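Visitor: Here it is: the structure, laid out below.
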Amino acid sequence: MRLRTDNRGSAFIIAYIVLFALVTLCSGVALLNFSEIHHSRRYYDSTAAFWLAEAGVNTFFKDPSLLGERVSTTIPFGRGMIHLRRDDSDPRVRKIISNGLVSGSRRSIQVELPARAPEVFESTISAKGDLEITGKKVSLAVNGRLRLSGKVNNGASYSSVLLEDKQEGAKAKTVTMTYPDANNNGRADEFNDFVAFNRNLVESYPREEVVYIKGNSTYTVMPHGSLKGKKIVYVEGGKGAGNVVIQYVGEWGKGENITIISTGTVTLNHAGSTKDEGQMNVIAWEGYNETALLPGRHNGIIYTHGTANFFDIHDTSVTNGAVAANDGIKIGEVWSTKTFNYFDPRSGGAVPPGFEGLVGGGTTGYILVPVSWREI
60 MRLRTDNRGS AFIIAYIVLF ALVTLCSGVA LLNFSEIHHS RRYYDSTAAF
110 WLAEAGVNTF FKDPSLLGER VSTTIPFGRG MIHLRRDDSD PRVRKIISNG
160 LVSGSRRSIQ VELPARAPEV FESTISAKGD LEITGKKVSL AVNGRLRLSG
210 KVNNGASYSS VLLEDKQEGA KAKTVTMTYP DANNNGRADE FNDFVAFNRN
260 LVESYPREEV VYIKGNSTYT VMPHGSLKGK KIVYVEGGKG AGNVVIQYVG
310 EWGKGENITI ISTGTVTLNH AGSTKDEGQM NVIAWEGYNE TALLPGRHNG
360 IIYTHGTANF FDIHDTSVTN GAVAANDGIK IGEVWSTKTF NYFDPRSGGA
410 VPPGFEGLVG GGTTGYILVP VSWREI
């Protein structure tokens, strides 16, 4: 007897397997195509959102009044929109954040604008109060702008005084600088604001650029190689303490830009010079004192919340930069010549180290030249 083999069932099973494989393959290809389409759409939307964010920044620069009184604004644009916002939480910079939104995609760009420097950066000498000339013999020249809220009182017996561009009776706010309310007690420009502000300042700088000294003694600073590359020397003591004496001998380096800050007084004994393109700046809460035994040249800005005293100038002494004193200026004996020449201590609009965020000077607002432009 011959047995007959029927392979039709096996053929059907194989056919179903092949069909399932083809369907699976086709589904995979379809899903891949849909994924590619979705990815392309997301890439398109993300790119469009980025360029909307860029357009938002440029729109602000074209019309800064968009964020004048308002903190934020929204601008519709085709299938998307632009959301602009300003952040003034840091008094040193204004942040402009531009968000571009298209469908579900968002891209953001942030630019930072530096605060406009106080007007005192534009004068050779600025003082709230008087310029008192008290020495018996005084030879003094102020080239550039002299701005006083008080007046010039010349009590010298023998004097030669040249004041190129003098303005008395100026508004106090145009000739002073003040510290913001750094300790958040509702009152600005107090000693505690000075301390809190400078503590925050030194934390914002790289450690290797700062010398931070706490104590009520008098500390001597000699500009030489050990200070090369430093930006801030901050001596913090009690009010009127932590005094600094700068023994200015030799030369301070080309391209160096350092600021000496003290909760007390800073005294500069002038017997050296600053090389071109070098600066040594001073911030003193209690007062500033300067003497000169030998010829010297000092480049930088001098600011004190107290009185700036220039006494016992026994040889030719030149200050290139700016001097700002909130409690007036006194000139004592000048047996040779004390000359003040103006030069702008800012670099590309940026103030020297330690002066970031100081307010006053009759100037408010921000410079429309970004110091930072990045996607966030």
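If you read the sequence shown in my numbering, its first letter stands for residue 60, the second for the next number, and so on.
Every residue, glycine too, gets a C-beta built ideally from N, C-alpha and C.
Please read these numbers as outputs of a predicted model, since none were measured by experiment.
Taking DSSP's pairing of strands, which residues face residue 237 in a bridge?
Guide: 418
Visitor: Does the region 390-399 come close enough to the region 294-307 to have 3 or more Cβ pairs within less than 8 angstroms?
Guide: no
Visitor: So, using beta-carbon positions, are residue 359 and residue 411 closer together than 9 angstroms?
Guide: yes
Visitor: Just reading off the beta strand (DSSP E) that residue 328 is part of, what are its end residues?
Guide: 324-333
Visitor: Out of 321, 339, 245, which one is the CA nearest neighbour of residue 378?
Guide: 339
Visitor: Is the Cβ-Cβ distance between residue 436 and residue 390 less than 9 angstroms?
Guide: In the structure as shown, the chain starts at 60 and stops at 435, and residue 436 therefore has no counterpart that could be examined.
Visitor: Jot down the residue ranges of each uninterrupted beta strand (DSSP E) in the region 149-203, minimum 3 residues, whole runs only, in chain order.
Guide: Qualifying beta strand (DSSP E) stretches, in chain order: 152-161, 164-173, 184-186, 190-192.
Visitor: Compute the distance between the beta-carbons of residue 335 and residue 355, then report whether it is under 9 angstroms.
Guide: no
Visitor: According to the neighbour-count rule (16 or more other Cβ atoms, all chains shown, within 10 Å of its Cβ), is residue 80 buried or exposed?
Guide: exposed
Visitor: With which residues is residue 247 paired in a DSSP beta bridge?
Guide: DSSP output for residue 247 lists no bridge partner at all.
Visitor: Exposed or buried, residue 428, counting other C-beta atoms within 10 Å across all chains shown (16 or more means buried)?
Guide: exposed
Visitor: So, helix, strand or coil for residue 83, using DSSP?
Guide: helix
Visitor: With a CB to CB cut of under 6 angstroms and the five nearest residues on each side skipped, what residues in its chain are close to residue 104?
Guide: 161, 162, 164
Visitor: Assess, as a yes-or-no matter, whether the region 398-407 is touched by the region 192-208 under the definition of 3 or more beta carbon pairs within less than 8 angstroms.
Guide: yes
Visitor: Can you grab the Cα-Cα spacing for the pair residue 324 / residue 182, in whole Å?
Guide: 23 angstroms
Visitor: Out of curiosity, what's the CA-to-CA distance linking residue 368 and residue 215?
Guide: 15 angstroms
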